[in-house]
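*Asks:* In terms of the numbering used here, the sequence shown opens at residue 56 and continues consecutively.
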Amino acid sequence: MAYRNLQDFISTLEKAGELKRISAEVDARLEISAIADRVMREEGPALLFEQVRHSPYPLAINLLGSERRMAMALNAESLDAKAREIGDLIAWAWSAARDFNPFRTIPEALPKLPVALSLITRTKSHPLCQEVIDDDAGFDSLPVLTCWPEDGGPFLTLPLVCTEDGGKRNMGMYRMQVYDNRTAGMHWHVHKDGAHFFQKYRERGERMPVAVALGCDPAVIYAATAPLPEGIWEMFFAGFLRGKGAEVCKATLSDLLVPADAEFILEGYVDPAESRMEGPFGDHTGFYSLPEEYPVFHLQRITRRKNPVYPATIVGIPPKEDCWMARATERLFLPLLKQLCPEIVDLAMPFEGVFHNCVIVSIEKRFPGQARKVMHFLWGMGQLMYTKCIIVVDGEVNPHHSSDVAWRAFNNVDGKRDLVLSDGPLDALDHSSPLPRFGCRIGIDATRKGPDEGHTRPWPSPLTMDAAVEELVRRRWKEYGF
Ligand SMILES: [Mn+2]
């Protein structure tokens, strides 16, 4: 069953023993962040702060901060189960398209009808998010977190930024630094769809209407972070994930479509003529991202449900809550990558690599140069273009087993032969490259080499014990006195 809204998910978590209520009054400046930091490090529960100083609203944090809660958010047994569902669907669609036969394909398609229906968004006329329309309240009414001591100010950390251009819609998650009661920074990186739409408004010299949703069905929240191709509305993907069409409504001051069951909608605009220094911000790299000029969001109106809960997260040195959202992306998008690049066996984005810094991929290698082919494939795929380091290992290596990967890579790599340096785009948060957003990515081919790649010496096998002897030892273990 799809969740109706954020509070429905919160009560489900509570029933499952996955949520802790905190009734002591706490401060949105650093205190909540320090508590959440500690809980996230220990993979602890979701937290509901019932009393935040100077705010009438409770605050929820760490709702998605474990593999289990992330799977619950997507109504799945596990992320792998959800990935299998997606993989089966892709495989079926691929084969049906390649080999269309009306007598077989149409009957096969019928049970998949609910999937197609889940892609249809429905428009609600009396949405929850417009129970209260408040023109007086500004950012000061919200319990916006100041996350780290050197942050430029308080930041909205889970905003779903809804924009539109020429019939194309987008909903992305871009942090927003609150400057005062009515204005906030709009931190959309140049690579993101929101920024691309904004570019069009700037060329036309038009003010851009923007609506920011806070707190939705967690599938909607996750969808805003998913690396979808431009032009695919995140609300379609949310519908697909929840198995039921996402519900939207028209904003009150513009024609933007926003999630109908949001806790809050912040309606306003961004003026292309204006920009302002944004940051620093204690970022998900574990470093403060550097201050930079970004556009400014002007808040005109808050609409909300009667008793809303304010959603937040913090990022920082991994692991944090966002690691589990990224883990969902790693699992859910793997079937698509495998369809396009069939030699891929598995892929891991270790938390320490904060997603755009490191991808470890295992491949079934059949021809010379194949590891390099896979590196360039990944650098050509959407947001994987940022990957600063790609390590390719043979198919029998589990890329999630970091010790095994390191052992192979340390043993197998010849510096002259196996390193690939590739100049290209980098994530806006990268601080190591001399230029922002552009620099050198490194590929490491840690696969076995043969004569077809110029390695004429024999390549040794890794050690494994004789299976029969191992079994004998297992049986006699007690006899040895252990
Ligand atoms: Mn998008």
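Every residue, glycine too, gets a C-beta built ideally from N, C-alpha and C.
#1: Return the residue from the list 505, 141 and 243 that minimises the CA-CA distance to residue 424.
#2: Between residue 324 and residue 241, which are expected to be in contact by the criterion C-beta below 8 angstroms, what is the C-beta distance as a whole number of angstroms?
#3: What number of angstroms, rounded off, separates the C-alpha of residue 154 from the C-alpha of residue 146?
#4: Buried or exposed for residue 68, going by 16 or more other Cβ atoms inside 10 Å?
#5: Just to confirm, is the Cβ distance from residue 229 to residue 380 under 7 angstroms?
#6: Report back the beta-carbon spacing between residue 271 and residue 314 to the nearest angstrom; my notes put them in contact at under 8 angstroms.
#7: Following a CB-centred definition, is residue 248 positioned closer than 6 angstroms to any heavy atom of ligand 1?
#8: Can you list, in chain order, the residues of its chain with a C-beta nearer than 8 angstroms to that of residue 395? Leave out the 5 residues immediately preceding and following it.
#9: Taking DSSP as the reference, what is the three-state secondary structure of residue 201?
#10: Is any heavy atom of ligand 1 found at a distance shorter than 6 angstroms from the C-beta of residue 283?
#11: Does residue 149 pass the burial test, meaning 16 or more other C-beta atoms within 10 Å, or should it be called exposed?
#12: From residue 212 to residue 118, what distance separates their C-alpha atoms?
#13: Taking Cβ to Cβ, would you say residue 120 is nearer than 7 angstroms to residue 376?
#14: How far does the beta strand (DSSP E) with residue 95 in it reach, from first residue to last?
#15: Mapping DSSP to helix, strand and coil, what is residue 431?
#16: Count the other CB atoms within 10 Å of the CB of residue 398; is the residue buried (16 or more) or exposed (fewer)?
#17: Does residue 479 come out as helix, strand or coil in the three-state DSSP assignment?
#18: Who are the Cβ neighbours of residue 507 in its own chain at under 7 angstroms, not counting the five residues just before and after it?
#19: Does the structure place the stretch 295-314 close enough to the stretch 180-191 that three or more beta carbon pairs sit under 8 angstroms?
#20: Report the rounded CA-to-CA distance for residue 125 versus residue 509, giving the unit in angstroms.
#21: Please report the Cβ distance between residue 318 and residue 266, rounded to the nearest whole angstrom; I am assuming they are in contact, meaning their Cβ atoms lie under 8 angstroms.
#22: Please classify residue 42 as buried or exposed, where buried requires at least 16 neighbouring CB atoms within 10 angstroms.
#23: Find out if the Cβ-Cβ distance for the pair residue 174, residue 294 is shorter than 7 angstroms.
#24: Here's the rule: buried if 16 or more other CB atoms are within 10 angstroms of the residue's CB, otherwise exposed. What is residue 341?
#25: Express the C-alpha separation of residue 455 and residue 448 in angstroms, rounding to a whole number.
#26: Rounded to whole angstroms, what is the Cα-Cα separation between residue 96 and residue 371?
#27: Inspect the CB distances between the stretch 349-356 and the stretch 87-103 and report whether three or more fall short of 8 angstroms.
#28: Apart from the five residues just before and just after residue 459, which ones in its own chain have a Cβ nearer than 7 angstroms to its Cβ?
#29: Tell me whether residue 60 counts as near ligand 1, meaning its Cβ is closer than 6 angstroms to at least one heavy atom of that ligand.
#30: What is the residue span of the beta strand (DSSP E) that residue 217 lies within?
#31: Go through its chain and collect everything with a Cβ distance to residue 80's Cβ below 8 angstroms, but skip five positions before and after it.
#32: To the nearest angstrom, how far is the alpha carbon of residue 303 from that of residue 290?
#33: Is the stretch 254-261 in contact with the stretch 356-364, if contact means three or more CB pairs nearer than 8 angstroms?
#34: Specify the secondary structure class of residue 366 as computed by DSSP and reduced to three states.
#35: I want to check one thing, is the minimum distance from the CB of residue 225 to the heavy atoms of ligand 1 below 6 angstroms?
#36: Could you tell me if residue 161 is buried or exposed, where buried requires 16 or more neighbouring beta carbons within 10 angstroms of its beta carbon?
*Replies:* This is what the structure holds:
#1: 505
#2: Their Cβ separation, rounded to whole angstroms, is 10 angstroms, which puts residue 324 and residue 241 out of contact at 8 angstroms.
#3: 12 angstroms
#4: buried
#5: no
#6: 5 angstroms
#7: yes
#8: 432 and 436
#9: strand
#10: yes
#11: exposed
#12: 13 angstroms
#13: yes
#14: It is not in any beta strand (DSSP E) - residue 95 instead sits in the alpha helix (DSSP H) that spans 86-96.
#15: helix
#16: buried
#17: strand
#18: 423
#19: yes
#20: 46 angstroms
#21: Wrong, their Cβ atoms sit about 14 angstroms apart, outside the cutoff.
#22: The chain is shown from 56 up to 537; residue 42 falls before or after that span and cannot be answered.
#23: yes
#24: exposed
#25: 11 angstroms
#26: 10 angstroms
#27: no
#28: 452 and 453
#29: no
#30: 215-220
#31: 106, 107 and 108
#32: 8 angstroms
#33: no
#34: strand
#35: yes
#36: exposed
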